[in-house]
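Right, one structure below, let's go through it.
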Amino acid sequence: MVSKFTPPDRLTDNYQPTRESKTEQAYHNRAVGRLNAFLTETNCDWDLHQTRLLTWLESYRETVSVPAWRQNRAALAWYMESVEGEEALANQIRAIKTDECSEATRTSANKKKSLGTDEWTELSTALLASHERHLEQFGTEEGSVPMATLCFLSATETTGMRPSEWWGTVMEMESDETEPGVVLDTIVLTVKNGKASNGRANGQNRTLRLRGLTEEKKLALLRHYRSVKQLSSEADFERYQKSCTSCMTYTTSKLWPTRKRKPSLYSGRHQVSANLKKDRVPLDVLAAIMGHATDRTATEHYGRRKYGRGNESMIEADPDDVSRVRQVAGERTAPDFPGRIGAGSNGPKMG
1 MVSKFTPPDR LTDNYQPTRE SKTEQAYHNR AVGRLNAFLT ETNCDWDLHQ TRLLTWLESY
61 RETVSVPAWR QNRAALAWYM ESVEGEEALA NQIRAIKTDE CSEATRTSAN KKKSLGTDEW
121 TELSTALLAS HERHLEQFGT EEGSVPMATL CFLSATETTG MRPSEWWGTV MEMESDETEP
181 GVVLDTIVLT VKNGKASNGR ANGQNRTLRL RGLTEEKKLA LLRHYRSVKQ LSSEADFERY
241 QKSCTSCMTY TTSKLWPTRK RKPSLYSGRH QVSANLKKDR VPLDVLAAIM GHATDRTATE
301 HYGRRKYGRG NESMIEADPD DVSRVRQVAG ERTAPDFPGR IGAGSNGPKM G
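All letters in the sequence shown, in the order written, are residues 1 to 351 by the UniProt record's numbering.
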């Protein structure tokens, strides 16, 4: 008799995932969903009909986008590895490639992987206008979602951080006298890598150093950081981020109603990648700044060089972070500025 798939006890009942185990919880839920769907459609238990499961998964793959299949594949492989004796099945699932996936229909396909200067001007103008209306209606500066959204977007475009990584980030200030009478302020961010729990990040944390920010970018960054630090819990931060995301969606829909792809908070991260590529930053340095485990991820999935404007934020990666990057994409050098990650001949040097 075939029964409904039952998940292991360790992930049921009152189990409360920690931040790092949230990925495992998400993998578990996704894997259980796929296995229950297999049971419903075939009336077969997966452990007794593994060949049929693999055939079913290959057919399922054709109905979803590449990112969706990658998520399902990772979840199922992770789950099988947690079941004693199923390592071989996990490897067989991993071997199901993405070449037969359907065209993407996901929401992220409609999000731009760049943020142009004109778009930034229009967005900031619209958000500031919304902020002014908020104040006219007796709202407070601290309670202004449009202003919070503008600062969130600016901070993301300045640092290249994932929007979700701001919770737990620590900021410090450094001052260096670069020459007599000239003091250079450096903002140092210690960031908890967003993909660290599933092996897709470059260690648990990364360090970013920002130099030479304009006063406008610095104020927006500090304001956003203070807003996040005032939140009392991660759940509060998630609500804060959701409010800003909704504000972005509303604003971009008003500005560009006929566009298929519109800027999002994540577009700022893509723009930083494009800026660094424009500056011909070495791939291992780019990966360290973005928090990637390998030097291939940003090359394949992030903002393109043709949309870049150069390393505007003068972002400097930590040499230890760079040394941990796995080089799988082949070396790419920056012939004009070897070893540099700044813009032009005055960019900060690594090491």
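Glycine is no exception: its CB is placed at the ideal position from the N, C-alpha and C atoms.
| Asked | Found |
| --- | --- |
| Pair within 8 Å by beta-carbon distance, L153 and L128 | no |
| Pairwise C-alpha distance: A77 and L219 | 45 Å |
| Residues bridged to K192 [DSSP beta-bridge criterion] | N205 |
| Inter-residue Cα distance where the pair is T125 and E62 | 43 Å |
| Distance between K262 and T249 (C-alpha atoms, nearest Å) | 8 Å |
| Buried versus exposed call for D165 [16 or more other C-beta atoms within 10 Å across all chains shown] | In the sequence on display, residue 165 carries Glu and not Asp. Looking at its Cβ environment, which holds 16 or more other Cβ atoms inside 10 Å, E165 is buried. |
| Per DSSP, cross-strand counterpart(s) of S175 | D185 |
| Residues that I315 bridges to, as DSSP identifies them | L210 |
| Simplified DSSP state of residue 352, which is helix, strand or coil | Because the chain spans 1 through 351 in this model, residue 352 falls outside it and cannot be assessed. |
| Reduced DSSP secondary structure (H/G/I, E/B, other) of V32 | helix |
| C-alpha distance - R304 paired with E141, whole-angstrom precision | 36 Å |
| Three-state class that DSSP yields for V170 in the structure shown | strand |
| Bounding residues of the alpha helix (DSSP H) (the contiguous stretch that carries P257) | Neither: P257 is in no alpha helix (DSSP H) and is coded neither H nor E. |
| Sequence-distant residues of the same chain with beta carbon closer than 6 Å to E86, five excluded per side | M80 |
| Euclidean distance between Cα positions of N36 and K97 | 22 Å |
| Status (buried if at least 16 other CB within 10 Å, exposed otherwise) for M290 | buried |
| With 16 other Cβ atoms within 10 Å as the buried cut-off, status of N91 | exposed |
| Neighbourhood of N29 by C-beta distance below 7 Å, restricted to the same chain and skipping five residues each side | none |
| For R326, the three-state DSSP class (helix, strand or coil) | strand |
| Cut-off 8 Å between Cβ atoms - residues of its own chain near V228, not counting five sequence neighbours on either side | W166, W167, T169, F237, Y240 |
| M314 and R206 closer than 8 Å at C-beta | no |
| Classification of L48 by the beta-carbon crowding that lies within 10 angstroms, buried from 16 upward | exposed |
| D321 versus S246 - alpha carbon distance | 33 Å |
| Residue nearest to M147 in terms of C-alpha spacing, selected from T258, V281, L221 | L221 |
| As assigned by DSSP and simplified to three states, the class of C151 | helix |
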